[in-house]
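Chemist: Pasting a structure here, questions to come.
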Amino acid sequence: MTFIAKPKVAHPSLPKNALGFTRRDYEGALSTLCAGCGHDSITAAIVEASWALAVEPQNMVKLSGIGCSSKTTAYFVSGGHGFNSVHGRMPSIAMGANAANRALQYIGVSGDGDTLSIGLGQFCHAIRRNLNMLYIIENNGVYGLTKGQFSASADVGSKAKKGETNFQPPIDPVLLAMTLGASFVARSFSGDKQQLVPLIQAGLSHQGFALIDVLSPCVTFNDHEGSTKSYAYTREHYEPAVHADFVPLEREIIADYKEGETLPLVMHDGSRIVLRKLDTAYDPTNRTLAAAQIHERMKAGEYLTGLLYVERSQNEFHQANGTPDAPLNSLPYEVLSPGAQALEKVLARYR
Amino acid sequence: MSPANTTRVNDFTIKIATVNGTGSASANSLLMKSIFRSGIPVMGKNYFPSNIQGLPTWYEIRITRDGHVARSGQVDIMVAMNAETYARDVKEIVAGGYLVYDSTWPRPALLKREDITVFGVPLARLCNENFNGVRTRILMKNICYAGVLAALLDLDLARIRELLAETYAKKPQLVDSNMKAIQLGYDYARATFPCPLPLRVEPMTGTAGHIMIDGNTAAALGCVYAGATVAAWYPITPSTSLMDAFKMFADRMRVDRDTGARNFAFIQAEDELAAIGMVIGAMWNGARAFTATSGPGISLMNEFLGLAYYAEVPAVIFDIQRVGPSTGMPTRTQQGDLMECAYASHGDTRHVCLYPANPEECFYMAVQAFDLAERLQTPVLVLSDLDIGMNDWMCRDLKWDDNYRPDRGKVLGKEEILKLEKFYRFIDKDGDGITARTLPGVHPKAAYFARGSGHTQYGAYTEDAADYQMVLDRLLKKWATAKKLVPRAVIDATAGAPVGLVSLGSCDGAIREAIEVLKSRGVGVDYMRVRSFPFSEDVERFLAAHQLLFVVEQNRDAQFRALLTLETAVEKSRLRSLLHYNGLPISSAFIVEGVLAELQPRQQLQPKGALRGRPT
């Protein structure tokens, strides 16, 4: 099997978004991943979020590296350009693309191998630049395409399918991103669409680097007894701490939250995220405390999930660089060339 | 060259040995510029350590009325300011030459040589008596030797003052203190030595229409004029000054006067892998982007270069070559990346390379690199080197044609997309191997998936043998198109000789001088300077037309010769290598000796007319 296009026939009664598109318009090619793969649920969540946000399909730029997760950019929003680059180096492609045209939506899909091993450096530096993109890690603790080696997110004591036990401590992308100063850090589970879809919407609306680490079990190589990234284990140990309801710009808040438990955040585009604290002791706006709590709970074997940290005051790359609002790739040559006269003036310095 | 004690106006070499971090660079550039401003062609080469302060450094100034741009290979006047290197510095002076040294301290026995003239100047004492502060005294000591040389060579002090006034326009007190140091040295020399020397300068008009500029500055200027908007790099000697220059020019010429917005993105990457990734991402997305690096950076960029080749994404890379292998000697020059760049990355990959010979070509080739990269949808590497990139060269004024418009290649806009029933990324409609691309954001119909994995001509992932091979074969067709678009070789066949010199890049100056010397000794040779890879068709013709070919290059393993034997029909037996790879720029003398060593016994056996073959 090489490439299968999905039929584009849609039932007329399918609901349409603000642009008149149905969910089908945000789909892509048929997935070639294993049946039951967590990644496919994430793809579905991205389709749902893009549809709900009414993203212009051609304005979505999909970027990835190498691995099972990186294949998935072909499976959603077929109307957007995609770039399946080299292993672990997607952030630099995203940085360059974003530098050239700041007006598009950049979504990167990566895996735990692609991000936390070979791509750890580029991941860290994309965060430091506060590159305006949504970066999703489809985290399953294992290398799929090469058949079952531990990744850098595998937990100590976790057992491989072949029986080997991991003894190296994991790199947690959430804690790492918070340490590096990331402005939007979330964790979710591929099996929790209720939580994941609004997080993706919020991430796409965030101006700056938005990380969503999604626990996404590998049904083939890491879903067995003794694995800490299996469906069963994840369901049991994942702990929603902060639920984020995404409220698009044009819609009123209808949900009725209890006083003191909600925190509405206005995004840069005017839309809002309403954070609902499921764990009253947790504060998603205090980097230090939040990180400490995530760490504490992790020691107890629990993954706190939801929008774990958010901050809207940081400058993203272009704000720091001082680039104009118009994309650099749209500036006419006449604006870019200083002209022959200016060159003569420059040469005077070299006489 | 004739001995140094006969009168030689505007034709000799000065070498200045100092300690780095002591301000000698200002003194040397002051000397260079004052000679240049007197209308006298001059060459400057800086041999500096990979260090911030305290190690030996040399600067060579060749005053050359005939406008040569390479080293002469001889030192007539040595200014020895560094006791640590006295021994070797003194040894290097040609018989009959001159030595200037700081006589504040007793002259070491090492300085003894009967066949040279020694001028001791108490530089440190003069400066200690006239300036305050340790740092100032050290700096002024170096400016002071410029004053000594001004007297010995008969340089115009008014011109030196004028240059200082330009340099320190914002700090006028520095003009006075520097001038004071110049005058101290000047007056001491005039009072003590027979000034001027037989080796001296005389104003002429040999520099009209010329500038003194280094290749990195010129290349950066080319990037500004080419319309580059994204610059990403990781600092590495000797390429960093290219990025510094780009930023300097862009900060001046690319900032919107009304809004203050910067019409460029300047990104210091975390490493060279990220730098090239950013360039690829930006050019894929329709901006002109570039990076500058050196050998170690090219090694790191290999994987991404393969991606850009196969996914057909334009990219512009400046490789300012330095001495390898590995870290090598970062502040010395070589042409050691020829092979590396030509076939960078695994699998069947080949890359368009341009070989500028001087700063002037760096400027024009920078622009050409972007046009070629976008036309061919592939990386273009501009292979400069430390000698071109970091030394000041006298070259013709850079010219700009305001009618220039970038060649953006086959990029389909929205109108064109709407006319198509369906857009496929890799279908060759024009038969030139170049397929139309689209930019993100234009229209949903234009969307495609760029990938380094096997793909069909429709842009879809494939593991199918025929589909894969079809794309790979089309890339070869594109390579054939590249051959027609790249700059042709520069051929000088005026000698009409059966012997040819073949070279590239910064060897050019030394070769052109060597050809003159050979001619004066009755040996005529033709010359071809290759300017690009793939080799243009004239390269094949020149090789075929010459029976014996000297391939001159600056690396140990004859990489250029290897490329010629791989990519042309030339027989190895007709190629002789002249290899210079000690890290110093190649000199004309090296080439003359190499050619004569091979040719003289031959010519006795085989008279010139008997050799077959004439160049085209």
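Which chain is which? The protein sequence lines are A and B, in order. Numbering-wise, the working numbering comes out as the position in the first sequence, counting from 1, plus 7. Position 179, counted from 1, in the second sequence is what the working numbering calls 176; the numbers after and before it change by one each time, with no gaps. Don't be surprised by glycine CBs; every beta carbon is placed ideally from N, CA and C.
Rounded to the nearest angstrom, what separates Leu108 of chain B and Leu123 of chain B at their Cα positions?
Modeler: Within the second sequence, the letter at position 111 stands for residue 108 of chain B. Within the second sequence, the letter at position 126 stands for residue 123 of chain B. Spanning the two alpha carbons is a distance of roughly 21 Å.
Chemist: Under a three-way DSSP split, which group does Tyr465 of chain B fall into?
Modeler: Residue mapping note: residue 465 of chain B aligns to position 468 of the second sequence, counting from 1. Residue state, collapsed to three classes: helix.
Chemist: If we ignore side chains and look at the alpha-carbon of each, how far apart do Ser20 of chain A and Trp58 of chain A end up?
Modeler: As a first step, residue 20 of chain A must be located in the first sequence, where it is residue number 13. As a first step, residue 58 of chain A must be located in the first sequence, where it is residue number 51. Straight-line Cα distance between these residues: approximately 16 Å.
Chemist: Would you list, in sequence order, the uninterrupted beta strand (DSSP E) runs of no fewer than 3 residues that lie entirely inside the stretch 405 to 449 of chain B?
Modeler: As far as the stretch 405 to 449 of chain B is concerned, its whole beta strand (DSSP E) runs of at least 3 residues are 446 to 448.
Chemist: Evaluate contact between the stretch 467 to 484 of chain B and the stretch 114 to 127 of chain A, counting only Cβ atoms and requiring at least three cross-stretch pairs below 8 Å.
Modeler: no
Chemist: By the 10 Å Cβ neighbour count, where 16 or more other Cβ atoms means buried, how is Ala215 of chain B classified, buried or exposed?
Modeler: Here residue 215 of chain B corresponds to residue number 218 of the second sequence, with the count starting at 1. By the neighbour-count rule (16 or more Cβ atoms within 10 Å), Ala215 of chain B is buried.
Chemist: Just curious, the alpha helix (DSSP H) that Phe213 of chain B is in, first and last residue?
Modeler: Along the second sequence, one-based indexing puts residue 213 of chain B at 216. Just to set this straight, residue 213 of chain B is Asn in the shown sequence, not Phe. That run of the alpha helix (DSSP H) goes 212 to 223.
Chemist: For the stretch 22 to 42 of chain B and the stretch 387 to 394 of chain B, state whether three or more C-beta atom pairs, one from each stretch, are separated by less than 8 Å.
Modeler: yes
Chemist: DSSP has Val118 of chain B in a bridge; who is on the other side?
Modeler: Stepping through the second sequence from its first residue, residue 118 of chain B is reached at position 121. In DSSP, Val118 of chain B forms a bridge with B:Asp99.
Chemist: Report, in whole angstroms, the separation of the C-beta atoms of Gly346 of chain A and Phe446 of chain B, which I expect to be a contact under 8 Å.
Modeler: Along the first sequence, one-based indexing puts residue 346 of chain A at 339. Along the second sequence, one-based indexing puts residue 446 of chain B at 449. With 8 Å as the limit, Gly346 of chain A and Phe446 of chain B do not qualify as a contact, their Cβ atoms being about 39 Å apart.
Chemist: Where Asn7 of chain B and Phe243 of chain B are concerned, what is the direct C-alpha to C-alpha distance, given to the nearest angstrom?
Modeler: In the second sequence, counting from the first residue as 1, residue 7 of chain B sits at position 10. In the second sequence, counting from the first residue as 1, residue 243 of chain B sits at position 246. If you take the alpha carbons of Asn7 of chain B and Phe243 of chain B, they lie about 35 Å apart.
Chemist: Which residue wins for smallest C-alpha separation from Ala92 of chain B, given the options B:Val115, B:Thr101, B:Thr82?
Modeler: In the second sequence, the residue the question calls residue 92 of chain B occupies position 95. Answer by Cα proximity: B:Val115.
Chemist: Using a C-beta to C-beta distance shorter than 7 Å, which residues of chain B count as neighbours of Leu354 of chain A?
Modeler: On the first sequence, residue 354 of chain A is found 347 positions in, with the first residue counted as 1. The contacting residues are Ile208, Asp394, Leu395.
Chemist: Note down, in chain order, all residues in the stretch 443 to 461 of chain B with a beta-carbon under 8 Å from any beta-carbon belonging to chain A.
Modeler: Ala443, Ala444, Tyr445, Phe446, Ala447, Arg448, Gly449, Ser450, Thr453, Ala457, Tyr458, Thr459, Glu460, Asp461: these are the residues of the stretch 443 to 461 of chain B whose beta carbon lies less than 8 Å from some beta carbon of chain A, given in chain order.
Chemist: Hey, does Leu270 of chain B have any beta-carbon neighbour from chain A nearer than 8 Å?
Modeler: Your numbering for residue 270 of chain B matches position 273 in the second sequence. Closer than 8 Å to some Cβ of chain A, the Cβ of Leu270 of chain B qualifies, so yes.
Chemist: Are Tyr56 of chain B and Ser21 of chain B closer than 8 Å when you measure CB to CB?
Modeler: The sequence position of residue 56 of chain B within the second sequence is 59, counting from 1. The sequence position of residue 21 of chain B within the second sequence is 24, counting from 1. It is a contact, given that the beta carbons lie within the stated cut-off.
Chemist: Along chain A, in chain order, which residues have C-beta atoms closer than 7 Å to that of His440 of chain B?
Modeler: Taking the second sequence and counting its residues from 1, one reaches residue 440 of chain B at position 443. Those within 7 Å of His440 of chain B in chain A are Gln65.
Chemist: Reducing DSSP to helix, strand and coil, say where Ala289 of chain B ends up.
Modeler: Walking along the second sequence from the start, residue 289 of chain B turns up at place 292. Residue state, collapsed to three classes: strand.
Chemist: Anything in the stretch 327 to 341 of chain A with a Cβ closer than 7 Å to a Cβ of chain B? List those residues in chain order, please.
Modeler: Contacts with chain B (Cβ-Cβ distance below 7 Å) from the stretch 327 to 341 of chain A involve Asn328, Gly329, Thr330, Pro331, Leu335, Asn336, Leu338, Tyr340, listed in chain order.
Chemist: Flag Val221 of chain B as yes if its beta-carbon sits less than 8 Å from any beta-carbon of chain A, otherwise no.
Modeler: Counting from one through the second sequence, the residue named residue 221 of chain B turns up at place 224. Yes, Val221 of chain B lies at the interface with chain A (some Cβ there is under 8 Å from its Cβ).
Chemist: With a cut-off of 8 Å, does the C-beta of Glu300 of chain B fall near any C-beta of chain A?
Modeler: Taking the second sequence and counting its residues from 1, the one referred to as residue 300 of chain B is at position 303. Any Cβ of chain A closer than 8 Å to the Cβ of Glu300 of chain B would place that residue at the interface, and such an atom is present.
Chemist: With DSSP run on the structure shown, which of helix, strand or coil describes Tyr310 of chain A?
Modeler: Here residue 310 of chain A is taken as the residue at index 303 of the first sequence, counted from 1. Tyr310 of chain A falls in the strand class under three-state DSSP.
Chemist: What did DSSP end up calling Ile385 of chain B once you bin it into helix, strand or coil?
Modeler: The sequence position of residue 385 of chain B within the second sequence is 388, counting from 1. DSSP places Ile385 of chain B in the helix class (H, G or I) of the three-state scheme.
Chemist: What separation, rounded to the nearest whole angstrom, lies between the Cα atoms of Ala81 of chain A and Thr50 of chain A?
Modeler: For the purposes of this step, residue 81 of chain A is identified with residue 74 of the first sequence, where counting begins at 1. For the purposes of this step, residue 50 of chain A is identified with residue 43 of the first sequence, where counting begins at 1. So the alpha carbons of these two residues sit roughly 10 Å apart.
Chemist: Would you grab the beta carbon distance between Gly303 of chain B and Thr237 of chain B for me? Rounded to a whole angstrom, and I think it's under 8 Å.
Modeler: The residue labelled residue 303 of chain B in the question sits at position 306 within the second sequence. The residue labelled residue 237 of chain B in the question sits at position 240 within the second sequence. With 8 Å as the limit, Gly303 of chain B and Thr237 of chain B do not qualify as a contact, their Cβ atoms being about 26 Å apart.
Chemist: For Ala209 of chain A, which option in A:Tyr142, A:Arg31, A:Lys168 has the closest C-alpha, if you only look at C-alpha atoms?
Modeler: As a first step, residue 209 of chain A is located in the first sequence; it is residue number 202 there, counting from the start. For the set A:Tyr142, A:Arg31, A:Lys168, the Cα lying nearest the Cα of Ala209 of chain A is the one of A:Tyr142.
Chemist: Distance check for Gln156 of chain A and Thr459 of chain B, CA to CA, integer angstroms please.
Modeler: For the purposes of this step, residue 459 of chain B is identified with residue 462 of the second sequence, where counting begins at 1. For the purposes of this step, residue 156 of chain A is identified with residue 149 of the first sequence, where counting begins at 1. Near 26 Å, if we compare the C-alpha coordinates of Gln156 of chain A and Thr459 of chain B.
Chemist: Using the beta-carbon count (16 or more within 10 Å), is His18 of chain A buried or exposed?
Modeler: Residue 18 of chain A sits at position 11 when you count from the first residue of the first sequence. It is exposed - the Cβ of His18 of chain A has fewer than 16 other Cβ atoms within 10 Å.
Chemist: Counting only beta-carbon separations shorter than 8 Å, does Pro437 of chain B have a partner in chain A?
Modeler: In the second sequence, counting from the first residue as 1, residue 437 of chain B sits at position 440. True, the Cβ-Cβ gap to chain A drops below 8 Å.
Chemist: Secondary structure at His207 of chain B, three-state DSSP: helix, strand or coil?
Modeler: Taking the first residue of the second sequence as position 1, residue 207 of chain B is located at position 210. Note: His207 of chain B maps to strand in three-state DSSP.
Chemist: Check whether the stretch 209 to 226 of chain B touches the stretch 379 to 389 of chain B, taking contact to mean three or more Cβ pairs, one atom from each stretch, closer than 8 Å.
Modeler: Yes, they touch.
Chemist: Which whole-angstrom value describes the C-beta separation of Glu89 of chain B and Lys168 of chain B, a residue pair presumed to lie in contact below a C-beta threshold of 8 Å?
Modeler: As a first step, residue 89 of chain B must be located in the second sequence, where it is residue number 92. As a first step, residue 168 of chain B must be located in the second sequence, where it is residue number 171. The Cβ separation is near 36 Å, so there is no contact.
Chemist: For His213 of chain A, which residues of its own chain have a beta-carbon under 6 Å away from its beta-carbon, when the five flanking residues on both sides are left out?
Modeler: Position 206 of the first sequence, counting from 1, holds the residue named residue 213 of chain A. In its chain, beyond the 5 residues on either side, Phe191 have a beta carbon closer than 6 Å to the beta carbon of His213 of chain A.
Chemist: Among B:Leu239, B:Asn260, B:Asp255, B:Thr256, which residue has its Cα nearest to the Cα of Asp248 of chain B?
Modeler: Translated into positions along the second sequence, residue 248 of chain B becomes position 251. Minimum Cα distance to Asp248 of chain B is reached at B:Asn260.
Chemist: With DSSP as the reference, label Thr15 of chain B as helix, strand or coil.
Modeler: Start at 1 with the first residue of the second sequence, and residue 15 of chain B comes out as number 18. Three-state DSSP puts Thr15 of chain B in a strand.
Chemist: Rounded to a whole number of angstroms, what is the C-alpha to C-alpha distance between Met220 of chain A and Val181 of chain A?
Modeler: Working through the first sequence from its first residue, we reach residue 220 of chain A at position 213. Working through the first sequence from its first residue, we reach residue 181 of chain A at position 174. Met is not the amino acid found at residue 220 of chain A; the sequence shown has Asp there. So the alpha carbons of these two residues sit roughly 7 Å apart.
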